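Worksheet for the structure shown next.
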Amino acid sequence: MSTKGFQSQNGIGRFQKILKVSEGIPTFNLQIAGTKCTEDKQMEDKQMEGWYHRLTRMNWQHVAPGVILLLVKLTGTSLFFVFFPQIFPKGNISLSTKNSSVWPPAPEQISSLSPLHPTTVRIPLKKPRWERFRGHDYLFSEEKATWLISQLDCKDWKSNLVIINDTKELEFVINKTAMANYFIGLTYSESTKKWEWIDHKEHNINLFPIKATMDKECVAIGAGDVSPVSCYDDYNWVCEKTYS
334 MSTKGFQSQN GIGRFQKILK VSEGIPTFNL QIAGTKCTED KQMEDKQMEG WYHRLTRMNW
394 QHVAPGVILL LVKLTGTSLF FVFFPQIFPK GNISLSTKNS SVWPPAPEQI SSLSPLHPTT
454 VRIPLKKPRW ERFRGHDYLF SEEKATWLIS QLDCKDWKSN LVIINDTKEL EFVINKTAMA
514 NYFIGLTYSE STKKWEWIDH KEHNINLFPI KATMDKECVA IGAGDVSPVS CYDDYNWVCE
574 KTYS
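Heads up, the working numbering is the position in the sequence shown plus 333, with the first residue counted as 1.
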């Protein structure tokens, strides 16, 4: 074989080797690229999974206190409605010690005097000692109270504050009230601008005169005198009822 032919064969062999090598390079590079994409996706999935767990844990940490607070409030509200009727029972507290039906008093029980309101707590009374005079029984209290409380006490004993009709009855009451002032059933009516007894009859000024004074719309008798007094001050009182 000539030298020129040998060189030609060697050239072809080298070209074939180079071609084989060059053909193998793209295949290897694709394999490396595919492996890298797979690893990147797995890493991205792990990162997403980690963020999900973190977000879930953070949300629960923020929601848990609110849920606990809501449960506490619901429990407290339930206990409030369960125990409220026991702490504050229904019904009004009556100032009367014997008959709760006298409160609130009817209009005929407190005359026409509108601003009268109880200001003194009632004290249970012992059995009263009544004194009889001309077919009527009279009770001269040992306790003191406002005008309204006094009338309510008289109602408890089936009576009213005393109504003085004539001079003899006036003398009897004055003699029994020489040591203190006692409420009687006479008040000043704002509607009629007159003094009226608790039975709504107008007072006879010929029996005893009395003048209206500001803030003194009730009457007390004592120490031989009859005078206007504040309905909210505390005095003794005189009850009267018909003897039966």
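Beta carbons: idealized from backbone N, C-alpha and C, even for Gly.
Note that the structure is a prediction, hence the values are computed from the model and not measured.
Would you check if there are 3 or more beta carbon pairs closer than 8 Å linking the region 519-530 to the region 465-474?
no
So, are the CB atoms of L494 and C572 less than 8 Å apart?
One-based indexing of the sequence shown puts residue 494 at position 161. One-based indexing of the sequence shown puts residue 572 at position 239. Closer than 8 Å, so yes.
Is it buried or exposed for D532, if we count other Cβ within 10 angstroms and need 16 for buried?
Taking the sequence shown and counting its residues from 1, the one referred to as residue 532 is at position 199. Answer is exposed; the Cβ neighbour count stays below 16.
Can you say whether W414 is buried or exposed, counting buried as having 16 or more other CB atoms within 10 angstroms of its CB?
To locate residue 414, count along the sequence shown from 1; it is residue 81. In the sequence on display, residue 414 carries Phe and not Trp. By the 16-neighbour rule on beta-carbons within 10 angstroms, F414 is exposed.
Measuring alpha carbon to alpha carbon, tell me which of S411, L412, E502 ends up nearest F466.
One-based indexing of the sequence shown puts residue 466 at position 133. Nearest of S411, L412, E502 to F466, Cα basis: E502.
For V274, which three-state DSSP category applies?
Nothing about residue 274 can be reported from this structure: the residues present for the chain run from 334 to 577 only.
What first and last residue would you give for the alpha helix (DSSP H) that runs through C487?
Start at 1 with the first residue of the sequence shown, and residue 487 comes out as number 154. It spans 480-489 - the alpha helix (DSSP H) in which C487 sits, taken as one unbroken run.
Using a Cβ-Cβ cutoff of less than 8 Å, which residues in the same chain neighbour M512 once the five nearest sequence positions on both sides are dropped?
As a first step, residue 512 is located in the sequence shown; it is residue number 179 there, counting from the start. Only G555, A556 meet the Cβ criterion.
CB K549 to CB P561, shorter than 8 Å?
Position 216 of the sequence shown, counted from the first residue, corresponds to residue 549. Position 228 of the sequence shown, counted from the first residue, corresponds to residue 561. Against a cut-off of 8 Å, the Cβ pair of P561 and K549 comes out as a contact.
Should I497 and L540 be called a contact, given that it needs their Cβ atoms to be closer than 8 Å?
For this step, residue 497 is matched to residue 164 along the sequence shown. For this step, residue 540 is matched to residue 207 along the sequence shown. Going by C-beta atoms, I497 is nearer than 8 Å to L540.
Length of the line joining the Cα atoms of P398 and W480:
Within the sequence shown, residue 398 is the residue found at index 65, counting from 1. Within the sequence shown, residue 480 is the residue found at index 147, counting from 1. About 60 Å.
Answer with buried or exposed for Y568, where buried requires no fewer than 16 other C-beta atoms within 10 angstroms of its C-beta.
Residue 568 sits at position 235 when you count from the first residue of the sequence shown. Answer is buried; the Cβ neighbour count reaches 16.
Is the beta carbon of S483 sitting closer than 8 Å to the one on F505?
The count along the sequence shown starts at 1 and reaches residue 483 at position 150. The count along the sequence shown starts at 1 and reaches residue 505 at position 172. Result no, Cβ atoms of S483 and F505 do not sit closer than 8 Å.
If you check the beta carbons only, do V552 and I543 fall under 8 Å apart?
The sequence position of residue 552 within the sequence shown is 219, counting from 1. The sequence position of residue 543 within the sequence shown is 210, counting from 1. Their beta carbons are under 8 Å apart, which means V552 touches I543 by this criterion.
Can you tell me whether DSSP reads L540 as helix, strand or coil?
Your numbering for residue 540 matches position 207 in the sequence shown. Reduced to three states, the DSSP call for L540 is coil.
What first and last residue would you give for the alpha helix (DSSP H) that runs through K501?
Here residue 501 refers to the residue found at position 168 when the sequence shown is read from its first residue. Counting along the chain, the alpha helix (DSSP H) containing K501 begins and ends at 500-509.
Can you tell me whether DSSP reads K526 as helix, strand or coil?
As a working note, residue 526 is residue 193 in the sequence shown. Residue state, collapsed to three classes: coil.
Neighbour-count burial assignment, S524, 16 or more Cβ in a 10 Å radius
Numbered from its first residue, the sequence shown carries residue 524 at position 191. Exposed is the call here.
Leaving out the 5 sequence neighbours to the left and right, which residues in its chain are closer than 6 Å to C487 when beta-carbon positions are compared?
Walking along the sequence shown from the start, residue 487 turns up at place 154. For C487, where only same-chain residues beyond five positions count, the Cβ hits under 6 Å are N493, L494, C572.
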